[in-house]
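First up is the structure itself, then whatever we jot down about it.
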Amino acid sequence: MKAITILQPWAGLIPAGAKTIETRSWSTKYRGPIAIHAAKDQDKKNERIRHIVFRAERLGVIVPELHFGAVIAIADLTNCLKVIGKISLKIGDEKRVAVVLENDIKIMGNELEFGDYTIGRYAWLLKNIKAIDPIPARGQQRIWNWGGDGMRARLKEIRARV
């Protein structure tokens, strides 16, 4: 199975339901099932982690215990789209900022809190996200192949529960 390694707390926000888009500086043509791996190393700035978790909780997201060096979720990577602009929208009396992706999808709201939507970066759209009990694994850069002892059996077990 393909996998992607993400630093905490961003990795943990995916199975928590707060983050359905992973932003990267590079594109991928891969579409299909992908394991979400929480990196062994955390963001070196513990204050930044606390700040992200605080923002998530302020938005009503219950952030689970952060696991490191483990696969923590399975999802379907359904698209990868370039960020091409930012716009201001007026909704009622409120002004909001939205990010525009290359197919004219607009991203706004809480999702913008948990990614780097700089113009020119890529938004990886995740669907069918399923939290799993952490499975220790060694991460890698870019998209990598996750395998190892018991992985297939664990995936069958996970899929059977859903």
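For the sequence shown, the working numbering gives the first residue as 12, with consecutive numbering after it. From the three backbone atoms N, C-alpha and C, an ideal C-beta is built for every residue, glycine too.
Original post:
Exposed or buried, which one is I85 when buried takes at least 16 other CB atoms within 10 Å?
Top reply: Position 74 of the sequence shown holds residue 85. It is buried - the Cβ of I85 has at least 16 other Cβ atoms within 10 Å.
**OP:** Taking E105 as part of the beta strand (DSSP E), name the residues at either end of that continuous run.
**Re:** Within the sequence shown, residue 105 is the residue found at index 94, counting from 1. Its beta strand (DSSP E) spans residues 105-112.
Original post:
Roughly how many angstroms lie between the CA atoms of A22 and A67, to the nearest whole one?
Top reply: As a working mapping, residue 22 is identified with position 11 in the sequence shown. As a working mapping, residue 67 is identified with position 56 in the sequence shown. Approximately 13 Å, taken between the alpha carbons.
Original post:
Does the region 32-49 touch the region 80-96, meaning 3 or more C-beta pairs lie closer than 8 Å?
Top reply: Under the Cβ criterion (8 Å, minimum of three pairs), the region 80-96 counts as touching the region 32-49.
Original post:
If you drop the 5 nearest sequence neighbours on each side, which residues of the same chain put their C-beta closer than 8 Å to that of W37?
Top reply: Residue mapping note: residue 37 aligns to position 26 of the sequence shown, counting from 1. Only Y133, R153 meet the Cβ criterion.
Subject >> Which listed residue (I73, G80, G28, I60) has its alpha carbon closest to that of D52 >> reply: Taking the first residue of the sequence shown as 1, we reach residue 52 at position 41. Selection I73, G80, G28, I60 evaluated against D52 yields G80 as nearest (Cα-Cα).
Subject >> Own chain, CB closer than 7 Å to P147, minus 5 neighbours either side, in chain order >> reply: Mapped onto the sequence shown, residue 147 falls at position 136. Contacts found: G80, A81.
Subject >> C-beta atoms of E33 and W135 nearer than 9 Å >> reply: Residue numbering aside, residue 33 sits at position 22 when the sequence shown is read from its first letter. Residue numbering aside, residue 135 sits at position 124 when the sequence shown is read from its first letter. Yes, they are a contact pair.
Subject >> Rounded Cβ spacing between Q19 and L77 (contact assumed at less than 8 Å) >> reply: Counting from one through the sequence shown, the residue named residue 19 turns up at place 8. Counting from one through the sequence shown, the residue named residue 77 turns up at place 66. Their Cβ separation, rounded to whole angstroms, is 5 Å, which keeps Q19 and L77 in contact under 8 Å.
**OP:** Indicate whether F125 and I60 have their beta-carbon atoms separated by less than 9 Å.
**Re:** Stepping through the sequence shown from its first residue, residue 125 is reached at position 114. Stepping through the sequence shown from its first residue, residue 60 is reached at position 49. Going by C-beta atoms, F125 is not nearer than 9 Å to I60.
Original post:
Which two residues bound the contiguous beta strand (DSSP E) that contains L24?
Top reply: Counted from its first residue, the sequence shown places residue 24 at position 13. Unbroken run through L24 is the alpha helix (DSSP H), 21-24; no beta strand (DSSP E).
Subject >> Where L136 sits in the DSSP three-state scheme >> reply: By one-based count along the sequence shown, residue 136 stands at place 125. The answer is strand: DSSP assigns L136 an E or B state.
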